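Residue numbers (our numbering), protein chains in the order written: chain R, 3 to 326; chain L, 428 to 1049.
Worksheet for the structure shown next.
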Amino acid sequence: MTARSPRPKTALKVDNLSKTFGLSRSFFGRSRPGVRAVRPVSFEVSAGETLGVVGESGCGKSTLARMLVGLTPPTGGQIEIEGKALNNADPAEFGRLIQYVFQDPISSLNPRKSIRQIIEAPLKLLHGMNRAERAARIREIFASVNLREDFLDRYPHEFSGGQAQRITIARALAAQARILILDEPVSALDVSVQAQVLNLLRALKQEFGLTYLFISHDLAVVEAVSDRVIVLYFGAVVEVGRAEKIFKNPKHPYTSLLAESAPVVGRALRAPEQKDSELPDPLNPPTGCAFAGRCPRATDLCRTTEPPLSQMGEDQFAACHHPL
Amino acid sequence: MRKFFGLLFRNRLASLGAVVLGAIVVLVLITPILPLQNPDITATADRFQRPFSPGHLLGTDHLGRDLLARLLYGTRLSLAVGAAAALIAGIIGSAIGITAGYFGGRVDNLIMRGVDMLMAFPYILLALAIVAALGPGLMNALFAVAAVNIPFFARNIRGITVGLAGREFIDAAKLSGMGHLRIILTELLPNVLPVIIIAMSTTVGWMILETAGLSFLGLGSQPPQADLGSMLGEARSALITSPHTSVVPGVMIFLIVMSINLLGDGVRDALDPRLRSGALSRPSATTLVDRRGDVPPPTDDLLAIQDLQTEFRVGARTYKAVGGVSLSVRPGECLGLIGESGSGKSVTALSVMGLVASPPGVITGGAVRFQGEDLIGAAYEDLRRKRGDRVAYIFQDPLSTLHPLYRVGDQLAEAIRSHHPVSKAEARRRAIDLFAAVRIPNAEARITNFPHEMSGGMRQRVGIAMALANDPDVIIADEPTTALDVTVQAQILTLLDDLRRERGLAIIFITHDFGVVGQLCDRVAVMYAGRIVEEGPTGAVLARPAHPYTRRLIACVPELGQGRRELAAIPGLPPEVSNLPPGCAFAPRCDKARDLCRKGEIALAGPGARRVRCLFPEEDPA
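In structure tokens:
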């Protein structure tokens, strides 16, 4: 890595970041309510930490991730990366500091470009390297992600999912960002390959001192790679805690529901206790706690007042009126 | 490139078009050096000479000019103008389309509404207006024809671009520091170029016709300059007395446009990836059967798959997707079939009812016996009666298996009525019962929903209700919970488990998830590279895996509650089923493999229900 200013202790700081889609005026000038994909969310990731983000489809985790790399402009709030506030949603400026690894490796590689062209783009455009510097840097990166250099002149369709995901990780490393957003990086891969990629990510983190934001719907994977975990439900953080504690000792009923639903060999099959399996309608959100409709512990208080995120035990926060 | 020409010339009509067009192009290219008369010199004394008259091979026109010379020079001009118009329209239209599609939002709206306005005028009227404004002349006619065709390209290319602009590689390019122009030129353009070429090749002929039309009306080429349209226009008055003056340019227009269209269709078919992979060749109603060897004798199982072999024949390569698989289920039993992608588990399942697409799928051996009766090679009508009635399927993605335009209740009723002669009201009543059986709350109201109005979990319940509609004996569930969230998955699995206990259903459950198998299945079979490598009671296989592949695959799966750790991985990749190694398919990745593993057939052997295909199993599978 090239020498840069001494790194701040907080790699990524997010303050009340929110996104509302479809916030526009209708034809007759009445303002229509938008879909609040991400409600105001605040968290910090320290340098060298892996923060896991879990939640079901539609909980806003991908929208959150896209805002963090400048691909989606936020509706409100602040993003601070390595002490530098970035609110202009310019992916090129974000790119040097923070990079994104996509869920589907094949579709995140342009089918008509060779691997060399793909990897060289960030080196050329973000760092203005000349040909010799680029070749040296690519050799270095390919060695770190265990890819052979003769792959460079091939095209994406020639690779298996696991290899392609290593190529996309190589591209993210080429940008020399110290923070990577990993958006379901292994869920499109088979289990035997999934483990290869997860172990590679762990090794790279040590080698380059990276900070990860690891998004997944698979609790077991998140637990295996993360230091801390935040649980999202309906666009809001419902619980934050240490990875080793949060699923074993959840405070929020939703975290507990997630943990009990994960299929585990040897545990008898039964649907965990919940009243309704439907998510709330995003166009017509409920008042109070969004989980109240599915929660077996919900009371009238839950249906009227939104619970704030408050400390429950050491290092653990949950947004619940009646924690477990 | 060679592949492209190979495909193109396999199409006979396209080859014919290429030959005719090639001949015409060569002819007009060498026109200036041919010993022709000057096409513009009039000789009124020789007017309207018939073809084959001395000195005038094709005769002369109303001013005594040599028709052959005028035809060749005219064709030269018409071809050039048509091609130029196509190029101009293609470039401008594609630029507009890519810009609109890439930026989207307001830019898209503004541009495309403008294009819509252009399209609202009848094209010939628009062309006439443009020429009227600019004045007659061949160049102006060219501009008019190009302008009229811009919307066609713009709309086509915009549609393709919108699809591409949402793809992840565009986001990745933005994060690599690329600006808009660079993304459009280096990321989008190479991907839409085939579409632009297809659109051009199919419209050049049309543009030549349009230019000829304008010239015919006297708005294109001006006398004495000849092009095909003006030749026709001038010959119009002598149509009855000297028909050859109109027939000669008419035939040439016909030949050009026909040959271009035939070639253009050929180019489109050869370039379009969907057509190239044979998606338009209609698959047959059941999988082709080409069985070699003996058919195994019947057993007393409810459903028995016996030594099934299914291949895909693509060109010269044969992919042995299923290489001799034997499985069986009894009533009320749940059999798990587990394997990674490409292991052949779905093809095994689809082969049961002859649902593997043919071509390219062919069943080459073995038998599938339902209550003793062999289904492989059974008559279509026989299979159709059993499909969904005795053996039903549940697929991974209910959104793609339910018809988006029909109400779910009607689809369910149709599934019932196609097997049983019941009234509509009775079918509806049964549909409501089924919805209640799969625990869809508010069944009465929900049957009038369209699929898009339901959540993923609810849709999969409809999929299960559909499978249950005719009270089948066997359900084959192909990754039914993979697309669902964990909380919903738990509910669906519980539902399937209850149903098989209540109704004595046999379930073949295909998955890649050991957790799911462990919770639901009585027995499990593990597939690798098209074959079963291990089978046995679920508890025994999961607790004491005998095949090294099973053991190491289980070790790869992270389990909740074990904390941060290094995960076990299997280095390497599964072999390609078109090129399987001799001996054990897992040997190249196995740390216990010896020379003996790499040769000869290894049998699936073991005591009783517990069997393993390994010479050196992990432990005695007793």
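Cβ coordinates follow ideal geometry from the N, Cα and C atoms, glycine included.
Just so it is clear, the structure is predicted and the values come from calculations on it, not from any experiment.
Endpoints, the beta strand (DSSP E) within which residue i is located
i: L:Pro964; result: 958-964
i: R:Arg141; result: Here R:Arg141 belongs to no beta strand (DSSP E); instead the alpha helix (DSSP H) covers 133-146.
i: L:Val901; result: 901-905
i: R:Asp220; result: Element bounds for R:Asp220: n/a, residue is neither H nor E.
Chain-order list of residues whose beta-carbon lies under 7 Å from that of residue i (same chain, five-residue window excluded)
i: L:Ala910; result: Gln823, Asp824, Gly883
i: L:Pro1044; result: Ala973, His974
i: R:Phe23; result: Gly36, Val37, Ala39
i: R:Pro309; result: Cys291, Ala321, Cys322, His323
i: L:Thr828; result: Phe822, Gly890
i: L:Asn536; result: none
i: R:Leu125; result: Met131, Arg136, Arg139, Ala176
Which of helix, strand or coil DSSP assigns to residue i
i: L:Arg1040; result: coil
i: R:Thr289; result: coil
i: L:Ala748; result: strand
i: R:Cys322; result: coil
i: L:Thr828; result: helix
i: L:Met954; result: strand
i: R:Ile83; result: strand
i: L:Ala558; result: It should be pointed out that residue 558 of chain L corresponds to Val in this sequence rather than to Ala. L:Val558 falls in the helix class under three-state DSSP.
i: R:Leu19; result: strand
i: L:Gln736; result: strand
i: L:Phe797; result: strand
i: L:His879; result: helix
i: R:Ser48; result: strand
Neighbourhood of residue i by C-beta distance below 6 Å, restricted to the same chain and skipping five residues each side
i: R:Tyr256; result: Tyr235, Val240, Phe293
i: L:Ser669; result: Phe475
i: L:Val542; result: Pro578, Ala581
i: L:Ala573; result: Ala512, Ile515, Ala516
i: R:Ala320; result: Glu241, Lys253, His254, Met314
i: R:Leu66; result: Val40
i: L:Gln464; result: Asp493, Ala496
i: L:Ala653; result: Pro466, Arg497, Tyr500, Gly501
i: L:Ala858; result: Gly836, Leu839, Ala840, Ile874
Sequence-distant residues of the same chain with beta carbon closer than 8 Å to residue i, five excluded per side
i: L:Pro758; result: Leu729, Asp900, Gly931, Leu932, Ala933
N- and C-terminal bounds of the alpha helix (DSSP H) containing residue i
i: L:Ser529; result: Position check: residue 529 of chain L holds Tyr in this sequence, whereas Ser was assumed. Run containing L:Tyr529: 494-530, per the alpha helix (DSSP H) assignment.
i: R:Gln165; result: 163-176
i: R:Val195; result: 193-210
i: L:Val452; result: 439-456
i: L:Glu929; result: 913-930
i: L:Ala805; result: Counting along the chain, L:Ala805 falls outside any alpha helix (DSSP H), and DSSP gives it neither H nor E.
Cβ-heavy atom distance, residue i to the ligand NAP, below 7 Å
i: L:Gln733; result: As for the ligand NAP, it is missing from this structure, which has no ligand bound.
Query - Touch test, the stretch 135-153 of chain R against the stretch 617-635 of chain L, Cβ-Cβ under 8 Å, three pairs minimum - result: no
Query raised in the report: Do the stretch 767-785 of chain L and the stretch 990-1010 of chain L touch if we need at least three Cβ pairs shorter than 8 Å?
Result: yes
Query raised in the report: What residues in the stretch 956-986 of chain L bring their beta carbon closer than 7 Å to a beta carbon of chain R?
Result: Leu969, Leu980, Cys983, Val984, Pro985, Glu986
Query - Inter-stretch contact (C-beta, 8 Å, three-pair minimum) for the stretch 202-221 of chain R and the stretch 57-72 of chain R - result: yes
Query raised in the report: Given 8 Å as the limit, is there contact between the stretch 104-113 of chain R and the stretch 168-187 of chain R, that is, 3 or more CB pairs closer than that?
Result: yes
Query raised in the report: Is there contact here, the stretch 789-808 of chain L with the stretch 976-984 of chain L, by at least three beta-carbon pairs under 8 Å?
Result: no
Query raised in the report: Would you call the stretch 499-510 of chain L and the stretch 447-458 of chain L touching, i.e. three or more CB-CB distances under 8 Å?
Result: yes
Query raised in the report: Can you find at least 3 beta carbon pairs, one from the stretch 891-910 of chain L and one from the stretch 932-939 of chain L, that sit closer than 8 Å?
Result: yes
**Report entry** Residues of the stretch 807-826 of chain L with Cβ closer than 8 Å to any Cβ of chain R, in chain order
**Finding:** none
Query - Chain-ordered residues of the stretch 223-255 of chain R with a beta carbon less than 8 Å from chain L - result: Val223, Glu225, Ala226, Val227, Ser228, Asp229, Ala245, Glu246, Phe249, Lys250
Query raised in the report: Can you find at least 3 beta carbon pairs, one from the stretch 65-80 of chain R and one from the stretch 587-602 of chain L, that sit closer than 8 Å?
Result: yes
**Report entry** Inter-stretch contact (C-beta, 8 Å, three-pair minimum) for the stretch 75-89 of chain R and the stretch 558-577 of chain L
**Finding:** no
Requested in this report: Could you tell me whether the stretch 637-646 of chain L touches the stretch 436-453 of chain L, using the rule of 3 or more Cβ pairs below 8 Å?
Outcome: no
Query raised in the report: When Cβ atoms are compared, which residues of the stretch 614-642 of chain L fall closer than 8 Å to chain R?
Result: Glu614, Pro617, Asn618
Query raised in the report: Okay, do the stretch 876-891 of chain L and the stretch 904-923 of chain L touch, 3+ Cβ pairs below 8 Å being the bar?
Result: yes
Report task. Could you tell me whether the stretch 547-558 of chain L touches the stretch 479-496 of chain L, where touching means 3 or more Cβ pairs closer than 8 Å? Result -> no
Query raised in the report: So, do the stretch 1026-1045 of chain L and the stretch 955-964 of chain L have three or more beta carbon pairs nearer to each other than 8 Å?
Result: yes
Query raised in the report: For the stretch 991-1025 of chain L, which residues have a beta carbon sitting closer than 8 Å to at least one beta carbon of chain R?
Result: Arg991, Arg992, Glu993, Leu994, Ala995, Ala996, Ile997, Pro998, Leu1000
Query - Contact set between the stretch 583-600 of chain L and chain R, restricted to residues whose Cβ is under 8 Å from the partner - result: Arg594, Glu595, Phe596, Asp598, Ala599, Ala600
Query - Chain-ordered residues of the stretch 765-781 of chain L with a beta carbon less than 7 Å from chain R - result: Glu767, Ser768
Query raised in the report: Which residues, in chain order, does the stretch 921-946 of chain L contribute to contact with chain R at a C-beta distance below 9 Å?
Result: Thr921, Leu922, Asp924, His939, Asp940, Phe941, Gly942, Val943, Val944, Gly945, Gln946
Requested in this report: Determine which residues of the stretch 126-150 of chain R have a Cβ less than 7 Å from any Cβ of chain L, and write them out in chain order.
Outcome: Leu127, Leu128
Query raised in the report: Which residues, in order along the stretch 894-918 of chain L, keep a beta-carbon less than 8 Å from a beta-carbon of chain R?
Result: Asp912, Val913, Thr914, Val915, Gln916, Ala917, Gln918
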